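Chemist: Protein chains in written order, with the numbering used here: chain A, 1301 to 1468; chain B, 322 to 730; chain C, 255 to 614. Just so it is clear, CB atoms sit at the ideal spot from N, CA and C, and this is done for glycine as well. Please read all numbers here as calculations on a predicted model, not as lab measurements. Before I ask anything, let me first share the structure, which is written out below as structure tokens.
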Amino acid sequence: MNAAFWILSIITVLGALFAVTLRNLVHCVLSLILFFLGIAGHYFLLRADFLGAVQILIYIGAVAVLMLFAIMLTRHVTGDEEEREVLGGKWWAGMGTAVIVAGLLWAVIRKDQLTAVLPAGGATTSVAEIGKALVTDWVVPFEAMAVLLTAALIGAVVIALEEVIRKR
Amino acid sequence: MRFDSRSWFPYNERAFEGDYCLETVYQQLRTWFANAPDAVLFWLSVIIPILFVLAVYPGIFAYTTLVERKALGRIQNRIGPNRVGRWGILQPIADGLKLLTKEDIVPRRADHIVHFLAPVIAVVPAILLFSVVPVGAGLVPVNLNIGILFAFAVSTASVLALFMGGWASRNKFSLLGAMRAVAQVVSYEVPMVLAAVAVVMVVGSLSTLRIAHAQSGGILNVTNWFVFRPWGFVGFVLFTIGAMAESARTPFDIPEAESEIIAGYHTEYSGFKFALFQMGEYLASIAMAGITVTMFLGAYNGPGSGPGWIGGLISMFWFFIKLGFMIALNIWIRGTWPRVRVDQLMGFAWKLLLPMSIVNIIAVGFWHYITIRPLAWIITTLWLVVWFGVLSRLAATEGVAPRTYRYAS
Amino acid sequence: MGFIGKGLFEGMVVTARNFVGSYFDKERLVTVQYPEERVQTPENSRTFPFLVYDDDKDPVATMRCVACKICETECPPQCIYIVMDRDEKGKPRQRPKVFDIDTSVCMQCQICVEVCPFEAIKMDNDYEKSQYGRFDELVEHLPDLLKSNEYYSKIKPTEASAVDAKLKAEKEKKAKKAAPAAAAKPAAAVAPKAVAPAPTPATAAASAPAAKLVIPDDAPFSPEQRQWLSGFLSAVSVGAAPATGAAPSTPAQAVTPPTTSAAAPAAEPAPTAAAPAGNWPWHDPGLGMQQRLDLAKSALLADKLMAAMAQTDCHACGYDCRGYADAIAGGAESDLSLCLPGEAETANMLKKLMEEAGKA
């Protein structure tokens, strides 16, 4: 397990690193996809198989494609344009954000805090359990998400319809 | 380091209680070589399924290309290739050699890394799909709990290859083809997955072995196939259409329609990279055929399939017969139907297939809760037929009235 | 009851029928696997010319071509090259020694076939003529071009049978004509070389141009056209008046330059010394009409007449060039348009010469 964990971690971290440092935006998104793959691998290592598969299905199959579409429609993609400074040159903003995030993470993943939350005997993450939980304990957030997604779908259709009507 | 194979992947779980499955490869090897070290057996149990997939399915792909060309030829009043070897059986080898030795042309301003990776990303998901397709009773390369979900996740990843291929070529038409291809694949995934959900609902598991096992029994092991249920039949049709669109086969082959957009996203590819794109497309269609067989056509079930060695061999035979039937259906459809237009494509997916798949899920609900079987049959069938009529009338964009012509005078 | 998608299934049925039928029905599998099978080309299809011979035992001797070079002259892209075969003494054998057709130039217009008076050259329909070179390999020589009459009948049955019938008819006609002429020849040879000999019925029959049909029997003319044509041609053919036949002259006889016998147009002038055979500087088909006439300027009428002809010794007129000239001069031949290689030029020149000879 250790070997797999280290390999996956290296892939993940490298993916994330390249995603923020590469010049070409499409390359950035592709390395982000590598990052997503690493995360899915970690999910599988943690025996959260459903989550791992859904990570691939949703993040790589939908979110990354969406990002690629969005990038395709912008102009400065290839990275050949003139160099601009990151964050407009205000390095202290980046430093501050990094410190805050690190602190939050440390506060969250302190070992004793984490194991207090988990039920004894390890979590069961089979698909059946997730399904049951979604429609019993967590039904309200589930339905709220469904309504949100429906609203988003209707909004997309409305926007597209406006264009169609305007074209005619 | 101890290699405890059970803690790596959730794949050693038995598909179903009791008999009926050969032991997983690891356990089978353990019974044969009881004294071998654990690591060796583990790695063997990993490599043997890989070798099986790599040996069998690319061979099926190669001869599918030949069978397709010959069958299309016969449909079109001509003989297919018959010069390279008797009946053309060495044709795939000749094609492979030809493509291998072709010059690999990369446009100068193309994105070399992405251009190189796109065919790889086209092929890998297709091969990964084979790992959850059971070829015989209990014989699946990787026994995943989430088999169907894994299959869909992996087939979604192949969308990226389309995009990367079109983008990296630095060719407006490739990009256009890539965008259309991505739109098509993403649109047809939804009804396909929802059709599969119907099956998963009935079986109660995402594991392909369990789905296959649920279709055993009945008369001659045949009548329990899901395709012989109303919701299963509709699901079969929806899933087949979605599968054809996923792997860009005619009539959904706009991404690579030669007469429309030259070669779409793989215009700028030559030699082996082009071969890999083709291989990815064909392997994806064969893998999707395999999953269709698993979910609707009873996987390996047929007269004589059962536990043990003989039953296992017979079940393998039935599986490959059905796979051949699905491939033949694909080829037959390719030789018959014209290509859909891009707008027809989208309309068809979102206006007809998606509502129909949701209706199908509700039909499964009826089927499950109406306990009197004949009544369940009647109500489900009626529900599906009525909704199909309504939706198809609503989704028809052009009327079916005869055309009126205006002549210049 | 058409449900949505019915047409799709009907289409599937059609292709299934095609697929299954292609194993049993020839109509559903139209592939002709070249080169094991070949599509039969239509009878009138043509590729390049070939030469016909009649007897397999000796193709060279029985070939119909007499090297008259009409096809060489008429060929628009000039792809034919002919050299007449001559024996040791230089006398032409009536067949070609060299007959080259450059198939990279030949445009398959079939004009050579149309103008050949001996049905010797015909169009082949063999299309498998690729060679491994672009220049010399594409020139076909005499051995390649010779193909038998059986082959010709095989590839073009209707044409070949028509040609065979025509050749047979011609042969019979010639035999019929030669029999009385052979009988008349010894009779006329002893006839005195009179100024105005009385025509004998035999000679009249042999040499009466009116009885001699100018237009062949199988020419596609209607009776009215035939009548007009024969009148026209007899008016054109100066020399022998229809009624007064002349005794056939021997080739050795020569005529003086423009004779004065106006009464009998077909006068038999006193023979003077004839130009001996072989001493004919104008007898070169490469010379032009004016050059030939210049060379024959001071010669006798027969020589001048001979100079006006095409000098190919092709025997299209039935004689060699010398014989034809002597026949015209002697009055035995009144048809001045028989010289096919010479065409209208020769016919007009012969007419002019005969008019001058008749006036002077």
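Answer yes if the region 264-275 of chain C comes into contact with the region 310-324 of chain C, meaning at least three C-beta pairs across the two stretches below 8 Å, and no otherwise.
Modeler: Contact fails: fewer than three Cβ-Cβ distances are below 8 Å.
Chemist: Does the beta carbon of L715 of chain B sit closer than 8 Å to a beta carbon anywhere in chain A?
Modeler: no
Chemist: On the criterion of 16 or more Cβ atoms from any shown chain inside 10 Å, does I1307 of chain A qualify as buried, or is it exposed?
Modeler: exposed
Chemist: How many angstroms separate the CA atom of L283 of chain C from the CA atom of H587 of chain B?
Modeler: Distance between the alpha carbons of L283 of chain C and H587 of chain B is about 33 Å.
Chemist: Taking buried to mean at least 16 other C-beta atoms within 10 Å of its own C-beta, is A517 of chain C buried or exposed?
Modeler: Residue placement at A517 of chain C is poorly supported in this model, since its pLDDT is 39, which falls under 50; the coordinates are not used for a value here.
Chemist: Determine the DSSP secondary structure at V337 of chain C, reduced to helix, strand or coil.
Modeler: V337 of chain C falls in the strand class under three-state DSSP.
Chemist: For the 8 Å Cβ check, are there 3 or more pairs between the region 403-422 of chain B and the region 380-395 of chain B?
Modeler: yes
Chemist: Have a look at L555 of chain C and A564 of chain C and give me their C-alpha separation to the nearest angstrom.
Modeler: 16 Å
Chemist: Output, in chain order, the set of chain B residues within a Cβ distance shorter than 8 Å of A1364 of chain A.
Modeler: Neighbours of A1364 of chain A on chain B, chain order: L481.
Chemist: For T510 of chain C, name the three-state secondary structure that DSSP assigns.
Modeler: With a pLDDT of 38 at T510 of chain C, under the threshold of 50, the modelled position of this residue cannot be trusted, and the question is left open.
Chemist: Would you list the residues sitting across from P346 of chain C in a DSSP beta bridge?
Modeler: C:R340
Chemist: Evaluate F1335 of chain A with the Cβ neighbour count: other Cβ atoms within 10 Å of its Cβ, from every protein chain shown; 16 or more gives buried, anything less gives exposed.
Modeler: buried
Chemist: Closest to C568 of chain C by C-alpha separation, out of C:D279, C:G344, C:Y288, C:P371, would be which residue?
Modeler: C:P371
Chemist: For a test of the three-state rule: what should DSSP assign to K423 of chain B, helix, strand or coil?
Modeler: Note: K423 of chain B maps to coil in three-state DSSP.
Chemist: Keeping to the same chain, check which residues put their C-beta closer than 8 Å to that of R300 of chain C; ignore five residues upstream and five downstream.
Modeler: Q362, Q364, M377, D378, N379
Chemist: Along chain B, which residues have their Cβ under 9 Å away from the Cβ of V284 of chain C?
Modeler: N398, R399
Chemist: Answer with buried or exposed for L262 of chain C, where buried requires no fewer than 16 other C-beta atoms within 10 angstroms of its C-beta.
Modeler: Result: exposed.
Chemist: Can you name the residues that DSSP bridges to I375 of chain C?
Modeler: DSSP output for I375 of chain C lists C:L305 as bridge partner(s).
Chemist: Which residues in chain C have a C-beta closer than 7 Å to the C-beta of W658 of chain B? List them in chain order.
Modeler: L262, G265
Chemist: Let's test the definition: count the other Cβ atoms within 10 Å of the Cβ of V267 of chain C and tell me whether it reaches 16, buried, or not, exposed.
Modeler: exposed
Chemist: Using only the alpha-carbon positions, how far apart do S526 of chain B and T615 of chain B sit?
Modeler: 13 Å
Chemist: When you compare the CB of L1368 of chain A with every CB in chain B, is at least one pair closer than 8 Å?
Modeler: yes
Chemist: Does M565 of chain B come out as helix, strand or coil in the three-state DSSP assignment?
Modeler: helix
Chemist: Measuring CA to CA, which of B:W671, B:M667, B:P551 is closest to R501 of chain B?
Modeler: B:M667
Chemist: Quick one: is V1326 of chain A near chain B, going by C-beta distance under 8 Å?
Modeler: yes
Chemist: Beta carbons nearer than 9 Å to chain B: which residues of the region 1423-1444 of chain A have them?
Modeler: S1426, V1427, A1428
Chemist: For A524 of chain C, count neighbouring Cβ atoms within 10 angstroms of its own Cβ and tell me buried if that reaches 16, exposed if not.
Modeler: In this prediction, A524 of chain C scores a pLDDT of 41, lower than 50, which makes its location untrustworthy; no coordinate-derived value is stated.
Chemist: Kindly provide the ranges of any beta strand (DSSP E) runs that are 3 or more residues long and lie completely inside the region 584-648 of chain B, ordered along the chain.
Modeler: none
Chemist: Could you work out which residue in B:N398, B:G417, B:I396, B:R395 is closest to V405 of chain B when comparing CA atoms only?
Modeler: Comparing Cα positions, the closest option is B:G417.
Chemist: Can you tell me where the alpha helix (DSSP H) with S713 of chain B in it begins and where it stops?
Modeler: Here the alpha helix (DSSP H) through S713 of chain B covers 694-716.
Chemist: Since I believe L393 of chain B is in contact with R655 of chain B (beta carbons under 8 Å), could you give me their beta-carbon distance rounded to a whole number of angstroms?
Modeler: 7 Å
Chemist: Anyone know if the C-beta pair for L674 of chain B and I562 of chain B falls short of 8 Å?
Modeler: yes
Chemist: Hey, is F273 of chain C's beta-carbon within less than 8 Å of any beta-carbon in chain F?
Modeler: This model lacks chain F altogether, as its protein chains are A, B and C.
Chemist: Can you look up V393 of chain C in the DSSP assignment and give me helix, strand or coil?
Modeler: strand
Chemist: What residues of chain C sit near R395 of chain B, judged by a beta carbon separation below 8 Å?
Modeler: Listed along the chain, the chain C residues whose CB falls inside 8 Å of the CB of R395 of chain B are N272, F273, S276, Y277, L283.
Chemist: Cβ of A392 of chain B less than 8 Å from any chain C Cβ?
Modeler: Residue contact with chain C for A392 of chain B: present (Cβ-Cβ distance below 8 Å to some residue of chain C).
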